[in-house]
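Trainee: Chains A and B are the protein sequences, given in the same order. For the first sequence, the working numbering begins at 1 and goes up steadily by one. For the second sequence, the working numbering begins at 1001 and goes up steadily by one. Note that beta-carbon positions come from the ideal geometry of N, C-alpha and C, so glycine has one too.
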Amino acid sequence: DGGITQSPKYLFRKEGQNVTLSCEQNLNHDAMYWYRQDPGQGLRLIYYSQIVNDFQKGDIAEGYSVSREKKESFPLTVTSAQKNPTAFYLCASSTYYAALNTGELFFGEGSRLTVL
Amino acid sequence: SQQGEEDPQALSIQEGENATMNCSYKTSINNLQWYRQNSGRGLVHLILIRSNEREKHSGRLRVTLDTSKKSSSLLITASRAADTASYFCATAYSGGGADGLTFGKGTHLIIQP
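1) Assess, as a yes-or-no matter, whether the segment 24-36 of chain A is touched by the segment 85-96 of chain A under the definition of 3 or more beta carbon pairs within less than 8 Å.
2) List the residues of chain A whose Cβ lies closer than 7 Å to the Cβ of B/Asp-1083, in chain order.
3) Using a Cβ-Cβ cutoff of 7 Å, what residues of the segment 1009-1023 of chain B are near chain A? List them in chain order.
4) Less than 8 Å separating the beta-carbons of A/Thr-77 and A/Thr-5?
5) Taking C-beta pairs closer than 7 Å, name the residues in chain B that A/Tyr-48 reaches, listed in chain order.
6) Kindly say whether B/Arg-1054, judged by its beta-carbon, lies nearer than 8 Å to any beta-carbon of chain A.
7) Are the beta-carbon atoms belonging to B/Arg-1080 and B/Ile-1029 less than 8 Å from one another?
8) May I ask you to verify whether the segment 55-74 of chain A touches the segment 36-47 of chain A, counting CB pairs closer than 8 Å and requiring at least 3?
9) Reducing DSSP to helix, strand and coil, say where A/Tyr-64 ends up.
10) Taking C-beta to C-beta, are B/Leu-1043 and B/Phe-1088 nearer than 8 Å?
11) What is the DSSP secondary structure of B/Asp-1066, counted as helix, strand or coil?
12) I need the straight-line Cα distance from A/Glu-109 to A/Asp-38, nearest angstrom please.
13) Does the Cβ-Cβ distance between B/Thr-1065 and B/Ser-1072 come in under 8 Å?
14) What are the residues that DSSP puts in a beta bridge with A/Lys-57?
15) Do B/Thr-1107 and B/Leu-1011 come within 8 Å of each other at the CB atom, strictly closer than that value?
16) Taking CB distances under 8 Å as the criterion, tell me whether A/Phe-74 reaches chain B.
17) If the cut-off is 9 Å on Cβ atoms, which residues from the segment 1020-1052 of chain B count as contacting chain A, listed in chain order?
18) If the criterion is Cβ atoms closer than 8 Å, does the pair A/Ser-65 and A/Thr-86 meet it?
19) Please confirm whether B/Lys-1070 has its beta-carbon closer than 8 Å to some beta-carbon of chain A.
20) Our contact map puts B/Arg-1060 next to B/Ile-1047 with C-beta atoms below 8 Å; I'd like the distance itself, whole angstroms only.
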């Protein structure tokens, strides 16, 4: 079945450590996105990529980094520079048409990061 | 900000009743979408309504859009326990795509058996 796989589902980090969240999709979608969700809040865009080897900052990119070496993969690294990293992280993808026009997104199941 | 805002923040109804939630936004949009999120899970796309449409149906879902009032409503008819979830509206601004999709804070819907 086609879909988006995020791992790990739960992750604990000590302050000062970098962690990388994995996102893999087999939907053959061109565009991929990372969102952050805090309790009782809407989603905020961290980074997005519309094509391999290219990505753009979203609204809250500070303290995060990404890469897009393969169409299927869009890992997110939460660096020690992110002051409040505890949150639920969601990866999404879309077709190229949707990325430019309608904005319809397909989401993974999320990764919950807790800083100890 | 053109972020959509859902109303109410929380809604609790009996199974079988209809559930209505609303979304207001601030600037012109290309389309408006509704997503569902079960607790601790990812979002699932429910329905998209374009700015030139006024009403759209999908199964037990009915969405309306009033661009003059900059508002939308999502109606779930004959609610079921499985409908318990948070519902988010997302607005895509005119000329923008998915990178410009803006999510509201959601309505938490509880269906009581």
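Mentor: According to the structure shown:
1) yes
2) Within the second sequence, the letter at position 83 stands for residue 1083 of chain B. Within 7 Å Cβ-Cβ: nothing; B/Asp-1083 doesn't reach chain A, min ~18 Å.
3) Result list empty, no residue passes.
4) If you number the first sequence from 1, residue 77 of chain A lands on position 77. If you number the first sequence from 1, residue 5 of chain A lands on position 5. No, Cβ-Cβ distance for A/Thr-77 and A/Thr-5 is not below 8 Å.
5) If you number the first sequence from 1, residue 48 of chain A lands on position 48. Under the 7 Å cutoff, chain B gives Asp-1099.
6) Start at 1 with the first residue of the second sequence, and residue 1054 of chain B comes out as number 54. With a threshold of 8 Å between beta carbons, B/Arg-1054 makes no contact with chain A.
7) Against the second sequence, residue 1080 of chain B aligns to sequence position 80. Against the second sequence, residue 1029 of chain B aligns to sequence position 29. Between B/Arg-1080 and B/Ile-1029, the CB-CB gap reaches or exceeds 8 Å.
8) In this structure the segment 55-74 of chain A lies against the segment 36-47 of chain A, because at least three pairs of beta carbons, one per stretch, are closer than 8 Å.
9) Residue 64 of chain A sits at position 64 when you count from the first residue of the first sequence. In this structure, A/Tyr-64 counts as strand in the three-state DSSP scheme.
10) Along the second sequence, one-based indexing puts residue 1043 of chain B at 43. Along the second sequence, one-based indexing puts residue 1088 of chain B at 88. A contact, by the Cβ cut-off of 8 Å.
11) On the second sequence, position 66 is the one that residue 1066 of chain B refers to. Per DSSP, reduced to three states, the secondary structure at B/Asp-1066 is strand.
12) If you number the first sequence from 1, residue 109 of chain A lands on position 109. If you number the first sequence from 1, residue 38 of chain A lands on position 38. Taking the straight line from one Cα to the other gives about 15 Å.
13) Stepping through the second sequence from its first residue, residue 1065 of chain B is reached at position 65. Stepping through the second sequence from its first residue, residue 1072 of chain B is reached at position 72. In the sequence as displayed, the identity of residue 1065 of chain B is Leu instead of Thr. In this structure, B/Ser-1072 lies closer than 8 Å to B/Leu-1065 by Cβ.
14) Locating residue 57 of chain A in the first sequence gives position 57, counting from the first residue. Per DSSP, A/Tyr-47.
15) Within the second sequence, residue 1011 of chain B is the residue found at index 11, counting from 1. Within the second sequence, residue 1107 of chain B is the residue found at index 107, counting from 1. In this structure, B/Thr-1107 lies closer than 8 Å to B/Leu-1011 by Cβ.
16) The residue given as residue 74 of chain A occupies position 74 in the first sequence. No, A/Phe-74 lies away from the interface with chain B (no Cβ there is under 8 Å from its Cβ).
17) Asn-1030, Asn-1031, Gln-1033, Tyr-1035, Gln-1037, Gly-1040, Arg-1041, Gly-1042, Leu-1043, Val-1044, His-1045, Leu-1048, Arg-1050
18) By one-based count along the first sequence, residue 65 of chain A stands at place 65. By one-based count along the first sequence, residue 86 of chain A stands at place 86. Result no, Cβ atoms of A/Ser-65 and A/Thr-86 do not sit closer than 8 Å.
19) Position 70 of the second sequence holds residue 1070 of chain B. So, not an interface residue.
20) As a first step, residue 1060 of chain B is located in the second sequence; it is residue number 60 there, counting from the start. As a first step, residue 1047 of chain B is located in the second sequence; it is residue number 47 there, counting from the start. B/Arg-1060 to B/Ile-1047, Cβ: 11 Å. No contact.
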